[in-house]
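Here's the structure, in structure tokens; my notes come after.
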Amino acid sequence: MGIPWSERYRPKTLQELVGNYDSAEELMKWVKESMAGRAEKKAALLCGPPGTGKTLSVNLVAEALDLELIEMNASDFRTEEAVERVAGGATLQSSLLGKRGKLIFFDELDGISGREDRGGLGAIMRIINVSKYPVVLAVNDPWDPRFRQLREICHMIKFNRIRTPSIVVRLRRIAQLAGVNAEDEALRKIAEAANGDMRAAVNDLQMLAEGRSVLRAVDVGRLYPRTQEMGIFDVMKGIFSARTILEARAAAEGASVDLDMLLQWINENIPNQYTDPKERAEAYDWFSRADIFMNRVKRRQMWDLISYAVELATGGAALARRGPYRFTKYSFPKRIGILSQTKEMRGKLMEEYVELAKELHASVKKVKTEYIPYIEIMEEAGKGPIFRSAGSKESGG
Amino acid sequence: MSASGVRPEIREVMWTEKYRPKTLDEIVNQEEIVERLKRFVKERSMPHCLFAGPPGTGKTTAALALAMDLFGKEYHKNYLELNASDERGIDVIRTTVKDFARTVSMGDAPFKILVLDESDNMTTEAQQALRRTMEMYTSTCRFILACNYYTKIIEPIQSRCAFFRFTPLKPEDVKARVKYICDMEGVEITPEGLEALVYIGGGDLRKVINTLQAAAAIGSKVDDKVIYKIAGRVSPKELRLVLEKALGGDFSSARNEVMRLIMEYGLSGLDVVKQIHREVLWLDVDERLKLKIIDLLGETEYRLLEGGSDEVQLNALIAKIAMVGRGG
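If you're matching them up, the sequences are chains A and H in order. Residue 397, in our numbering, is where the first sequence stops; the numbers in between run on with no holes. Residue 1328, in our numbering, is where the second sequence stops; the numbers in between run on with no holes.
And the structure:
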């Protein structure tokens, strides 16, 4: 592939933007306010899944306002020192390129690493506080506890997954520009598979259509067996049918998903494989030991402990079996999906609890167990304060 | 547009806050302790303190009232409350606590006061870090450590503190306070209702007042029936349901119910285990089976404390309860 189409055909002005147009507008408005010294918050935090236009919007806003863009992303080292060096100086000097001003942009903050980028977040916070230019940050998951302080000082702007019809519109335009005659059905399939990620859709289009003059739906269909998920079912079978720990571990090593995901699959499928209470309890008991090891690995960077976790989890899942292997229909770890879908809601709830805790001179734990149950009764009786719903009643909605 | 903009003032709404004593004189119980604290105010001098006692006996209130009496209206400039359950790591001791403790007090306050609430939940490491901090900044800051179990506080810290033991409130004190609040709020309470409230509360005034306020929200007259109804409600009966389903061998609905509680109430794995623990003894099953369940709960809590994840450890717990329920 030559120049990525996502780059070559990227919108040149805000007006061309498809999807999340309002978010980009909001950013524009905030940057203007910030430059005029009227912005309420010291920085803007763009949040949303990949490929929803965060980086693009920042670029377009900088271009529209003739600002020099100072950018750091996950490919840069972001230690305290590096951040100070690159962005720290820039926040105080005038633009050397003769632009009207600067825009400081920290992209892909999710990728900031605790170990490699030591002190980086702290340095970013300091820059936000001293910068005389607008500071913008982008992040996929703003509810990560690492970003708590950041959330408090930033104006949050949300970027949503882009709807399939909007992606189709954009793909059609790009196909036109690239001289590809594409069937509507082909574009729709690509757009659907992208699941709201415009960049992924454009990349897929390029992969499928570059060098062709015609793109038909069948060309797309052929390219989309979801190989990864096929693989994981075999891995599950390999683990649960193993007779030795060695076999179980070997099956796990064949997985194309990362270890965390693999463990989530095992967690989900233990009850599918084992309906006998004894087998199920035994498999879970080993799995819970593995879970503790995994946590030690993560908390203390004790990577060597991973092998114990893997053997306990996979070997335990296999050896809990008392009789012959039973064919089982394995399922996708759906609970993980539910938990991450409700993460934002739970994040908000938690924030409200933290606030309540302060005012009630109590810990969050106490708020949850000693206050909320009573408050709920009061609310049901229609007399109490409306704590919980208060969070959702934003902007007069 | 944060939630605080819409929400009514907590200190007006929640009776526990509205009727929290604002000065040491208002505190009706713990006479001996109050006497000693008043002397601190008079002399404008105090040592580090350790407040130990069961929940709802006035530890936080005493600390707050002491600060208000010492520092006056602007007390919050020299007063910081940290909750060790939420902020119990060594980082907090090294940063937040240190930053507060080392700077000089504002106005004419002789020193600052830092309250570490629920300090028995602090890790040993954090307590060790605290020990030095307490010594280094004695000239600028006094520490009040509040806890349920003073034995969980390391000895070097105990030895640096004046010790105050808070005892459960006496029934007549509870009654007096309840009557006072009822008068102020125009709530009618029956003698049986009052007795029930005292019984349910067990000397924990926070619980008593919250129960009273919930009861008053339901009906104009508070009697024993409504008090017991609320007491039954707030020990989440959903968790008893979880337990019953697991014991009946219905693993998946027990698991789904737990996940729902975690998501909707924001309960942590530890919250769930502790609440199930409260329910176990009241279950209608063989006593020996209860022992097995208690053993499993203890093991699960231990594993969670060792760093296990909520979801996995709770799944394992439910699976094991389902097993012992079948006589396994």
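For every residue, glycine included, the Cβ atom is placed at its ideal position computed from N, Cα and C. All figures in this text were calculated on a predicted structure; none of them were measured in a lab.
Against chain A, the CB of Thr-1060(H) has a partner CB under 8 angstroms away; the residue lies at that interface. In this structure, Val-130(A) sits away from Ile-174(A), with a CB-CB distance that is not shorter than 8 angstroms.
Residues of chain H with a Cβ closer than 8 angstroms to the Cβ of Leu-356(A) are, in chain order, Ile-1010. Distance check between Gly-1053(H) and each of Phe-1100(H), Glu-1125(H), Thr-1190(H), Gln-1030(H) places Gln-1030(H) closest, using alpha-carbon atoms only. Considering only beta carbons, the part of the segment 1238 to 1251 of chain H lying closer than 9 angstroms to chain A consists of Gly-1249, Phe-1251, in chain order.
Distance check between Arg-8(A) and each of Trp-303(A), Pro-165(A), Ala-178(A), Asn-20(A) places Ala-178(A) closest, using alpha-carbon atoms only.
For Tyr-330(A), the nearest beta carbon of chain H is not closer than 8 angstroms to its own beta carbon.
Thr-244(A) and Tyr-308(A) have their C-alpha atoms roughly 15 angstroms apart. Beta-bridge partners of Val-1222(H) (DSSP): Ile-1189(H). Distance from the CA atom of Glu-1192(H) to the CA atom of Ala-1176(H), rounded to whole angstroms, is 15 angstroms. Near chain A, meaning a CB-to-CB distance below 7 angstroms, no residue of the segment 1162 to 1192 of chain H qualifies. Under the three-pair Cβ rule at 8 angstroms, the segment 249 to 257 of chain A does not count as touching the segment 1258 to 1277 of chain H.
Sequence-distant Cβ neighbours of Val-1187(H) in its own chain, meaning closer than 7 angstroms and more than five residues away, are Ala-1216, Val-1222.
Under the Cβ criterion of 8 angstroms, Glu-1026(H) is not counted among the residues facing chain A.
Between the segment 1021 to 1038 of chain H and the segment 1124 to 1137 of chain H there are fewer than three inter-stretch CB-CB distances shorter than 8 angstroms, so the stretches are not counted as touching.
In the three-state DSSP reduction, Tyr-374(A) falls in the helix class (H, G or I). Collapsing the DSSP output to three states places Arg-1165(H) in a strand. Bridge pairing for Leu-1116(H): Leu-1082(H), Leu-1145(H) [DSSP]. Of all residues in the segment 265 to 296 of chain A, only Asn-267, Pro-271, Pro-277, Lys-278, Arg-280, Ala-281, Tyr-284, Asp-285, Phe-287, Ser-288, Asp-291, Ile-292, Asn-295, Arg-296 come within less than 7 angstroms of chain H when Cβ atoms are compared, listed by chain position.
One thing to note: Leu-1197(H) has its Cβ no nearer than 8 angstroms to the Cβ of Val-1226(H). In this structure, the CA atom of Leu-1194(H) is about 47 angstroms from the CA atom of Tyr-284(A). Under the three-state reduction of DSSP, Ala-182(A) is assigned to strand.
Scanning chain A for C-beta atoms nearer than 7 angstroms to the C-beta of Val-1312(H) yields Asn-267, Phe-287, Ser-288, Asp-291, reported in chain order. The beta-bridge partner set that DSSP reports for Glu-71(A) consists of Phe-105(A). Residue environment: Met-236(A) is assigned as buried (16 or more neighbouring CB atoms within 10 Å of its CB, all protein chains considered). By the criterion of a C-beta distance shorter than 6 angstroms, Ser-1253(H) is surrounded in its chain by Lys-1245, once the five residues flanking it on both sides are discounted. For Glu-40(A), the closest Cβ of chain H is not nearer than 8 angstroms. Contact of Arg-299(A) with chain H is assigned, a C-beta pair being separated by under 8 angstroms. At least 8 angstroms separates the beta-carbon of Ile-157(A) from that of Ala-36(A). Secondary structure remark: continuous beta strand (DSSP E) runs of at least 3 residues inside the segment 112 to 151 of chain A, in chain order: 135 to 139. Inter-residue distance for Ile-1144(H) and Glu-1155(H) is about 15 angstroms (C-alpha atoms, whole angstroms).
In the structure shown, the three-state DSSP call for Met-156(A) is strand. Counted as a single uninterrupted DSSP element, the stretch harbouring Ala-362(A) is not any beta strand (DSSP E), since DSSP gives it neither H nor E. Against Ala-309(A), chain H offers no close residue; the least beta-carbon distance is about 11 angstroms (beta-carbon pairs closer than 7 angstroms).
At least one CB atom of chain A sits nearer than 8 angstroms to the CB of Arg-1326(H). Neighbours of Ala-1319(H) across chain A, judged by C-beta separation under 7 angstroms: Arg-280, Ala-281, Tyr-284.
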